[in-house]
Amino acid sequence: MSKKYAELTLDGVTHSYPIIQSTQGENAIDISTLLRDTGHITLDRGYVNTGSCTSAITYLDGKEGILNYRGYAIDDLAENCSFVEVAYLLLHDDLPNLEQLNDFRELMSTYALIHEDMIHFFDHFPPNASPMSILSTMVNSLHNFYPEMSTHPEPFESFDNVTTRLLAKVRTIAAFSYKKSLGHPLIYPRYDLNYCENFLNMMFDKPTKPYTILPEVVSALNKLLILHADHEQNCSTSTVRLVGSAGVNLYASIAAGINALWGPLHGGAAQAVVEMLEGIYADDMDFEKYIRKAKDSNDGFRLTGFGHRVYKTFDPRATIIKKACDETLAALNVDDPLLDIAKELEDRVRSDDYFVSRNLYPNVDFYSGIIYRAMGIPTDMFTVMFALGRLPGWIAHWREMNSDEERRIGRPRQLYIGYPAKKYIPLDER
Ligand code: ACO
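Under my numbering, the residues of the sequence shown are numbered 124 to 553, in order.
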């Protein structure tokens with residue numbers, strides 16, 4: 124196929140830029156020589172239209188509501204796979220066979236403990252410390268305890284050690300931080316439990332009241348983690364890649380991603396949704412007030428859980444989560460008024476021209492918090508749950524970035540709008 128070019132005419136001179144073909148979706152105009160050719164940079168606030176890398180991990184089509192990991196549709200994966208299988212898929216090139224999956228699981232069990240010295244870290248956070256700050260601190264510290272494997276992604280076998288270590292330890296850290304926040308004894312990971320069962324058991328088992336692991340809860344948790352496992356160049360993943368592009372080790376790059384995820388416009392949204400729904404409940408279901416505020420351009424308030432940078436028809440993850448939410452609450456016999464409020468709000472938003480004309484539909488975080496509540500996960504841990512799910516995606520992107528022979532340190536340009544050059548004035552003359 125002959126190569127195509129895009130032409131740009133500036134001050135009467137025409138410059139050509141090669142079109143890079145994707146395997147699916149938008150192609151790209153490679154403008155990397157634009158500055159050298161024309162003395163101009165491109166300005167694209169929020170990187171709405173800027174590709175920062177090539178990637179073979181996740182494909183999404185915001186118009187059609189398609190999300191595929193390594194070519195597999197998200198609905199198929201959420202319906203049929205375990206989270207560990209999907210993690211393997213993202214980190215490798217394809218789904219594992221039985222032997223590969225068993226080996227991966229075995230490694231996960233091997234690495235599930237954290238160094239006992241790290242447990243003392245928990246004691247030095249104030250009682251109301253944010254679980255996200257604890258998580259990023261602990262993940263950053265992993266480099267000090269396990270430095271030998273965190274910088275070089277190859278060969279594959281040793282990379283499996285690094286990734287399973289991180290996946291297993293982050294799960295343990297998340298559950299331990301919850302137990303510590305309650306002042307309860309820690310529950311250690313068990314060899315006989317799978318990834319999700321282990322997490323639930325570490326969170327909720329007590330010496331005084333053994334926890335019963337319900338298959339419905341395990342299934343819902345699996346789905347939620349799978350649905351969050353990757354989403355191409357979102358804010359936190361781009362952060363992991365950008366930080367990692369400076370040669371930073373895996374743990375520190377992931378810690379940066381955790382911090383990026385924390386924001387209410389990103390992974391913090393599930394918590395913000397539940398708080399907003401609680402607000403509507405406490406406000407005598409005054410939906411109109413919240414909708415009015417969200418539509419008022421002078422009011423900073425937004426309906427959290429609606430809208431997405433990329434999805435402009437529907438978020439395929441939200442459709443699966445809404446169904447899972449109904450199923451889980453029914454299975455657990457939980458009657459949560461927040462679910463009715465969420466549905467009513469969605470109905471109102473979907474028939475309001477302001478939201479329809481701006482393509483604002485429920486996103487992945489609109490119903491996920493209600494499921495987490497039903498499981499007993501505290502609201503301030505919802506973003507930690509998101510981080511658990513997103514972890515394989517972050518690791519896969521860090522590895523892909525490091526394996527890219529054309530990688531360069533991430534370094535955007537800026538359009539300077541400050542003072543022109545000024546002459547220094549000595550202090551006594553100012
Ligand atoms: N409520 C009310 N109005 C909204 C909302 C919302 N949730 N989201 C966007 N809008 C409006 C904006 O005010 C803007 O209106 P205007 O054209 O009249 O100025 C228009 O829709 C476009 O909004 P942008 O901010 O330009 O859209 P952007 O793509 O930059 O932002 C984002 C996407 C951050 C997700 C946004 O929709 C939002 O803030 N949503 C609420 C927070 C949220 O749910 N975040 C989770 C996203 S999913 C995830 O990260 C896992």
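Note that CB positions come from ideal geometry on N, CA and C, so glycine has one too.
Could you name the residues of the same chain whose beta carbon sits closer than 6 angstroms to that of residue i, not counting the 5 residues immediately before and after it, in chain order?
i	result
residue 329	none
residue 130	137 and 139
residue 419	none
So, are the CB atoms of residue i and residue j less than 9 angstroms apart?
i	j	result
residue 289	residue 265	yes
residue 255	residue 296	no
residue 497	residue 455	yes
residue 151	residue 142	yes
residue 350	residue 500	no
residue 379	residue 206	no
residue 268	residue 240	yes
residue 322	residue 511	yes
residue 465	residue 490	yes
residue 325	residue 312	yes
residue 314	residue 253	no
residue 392	residue 428	yes
residue 564	residue 514	What is shown of the chain runs 124 to 553, which leaves residue 564 out entirely.
Which same chain residues, not among the five before or five after residue i, have their C-beta less than 7 angstroms away from its C-beta?
i	result
residue 417	424, 425 and 426
residue 556	This structure cannot settle anything about residue 556, because the visible part of the chain is limited to 124 through 553.
residue 530	368 and 524
Comparing C-alpha positions only, which one of the options sits nearest to residue i?
i	options	result
residue 463	528, 508, 397 and 130	397
residue 535	130, 173, 389 and 139	173
residue 517	258, 156, 477 and 214	214
residue 372	448, 286 and 548	286
residue 509	543, 335 and 344	344
residue 180	336, 169, 197 and 167	197
residue 440	201, 356, 220 and 218	201
residue 318	161, 204 and 194	204
residue 366	383, 406 and 170	383
Spatial neighbours of residue i within its chain, please: CB distance less than 8 angstroms, with the 5 preceding and 5 following residues excluded, ordered by chain position.
i	result
residue 394	387, 492, 502, 503, 505 and 506
residue 347	444, 447, 491, 494, 495, 508 and 512
residue 126	141 and 142
residue 355	178, 180, 181, 182 and 183
Report the residue ranges of all alpha helix (DSSP H) runs contained in full by the stretch 332-386; include only those spanning at least 4 residues, in chain order. 338-350, 358-367 and 373-384
Counting only runs of 4+ residues fully inside the stretch 520-544, write out the alpha helix (DSSP H) ranges in chain order. none
Enumerated in chain order, which unbroken segments of the alpha helix (DSSP H) with a length of 4 residues or greater are wholly contained in the stretch 446-486? 460-473 and 476-480
With three or more beta-carbon pairs closer than 8 angstroms as the criterion, would you say the stretch 186-197 touches the stretch 434-448? yes
Enumerated in chain order, which unbroken segments of the alpha helix (DSSP H) with a length of 4 residues or greater are wholly contained in the stretch 156-199? 157-161
Three or more C-beta pairs closer than 8 angstroms, one from the stretch 473-484 and one from the stretch 330-337: is that the case here? no
If you scan the stretch 218-245 from start to end, which runs of the alpha helix (DSSP H) of 4 or more residues do you find wholly inside it? 221-233 and 239-245
Okay, do the stretch 464-476 and the stretch 223-238 touch, 3+ Cβ pairs below 8 angstroms being the bar? no
Using 8 angstroms as the Cβ pair cut-off and three pairs as the minimum, do the stretch 515-529 and the stretch 295-312 touch? no
Mind pulling the alpha helix (DSSP H) runs of 4 or more residues that sit fully within the stretch 399-453? 410-418
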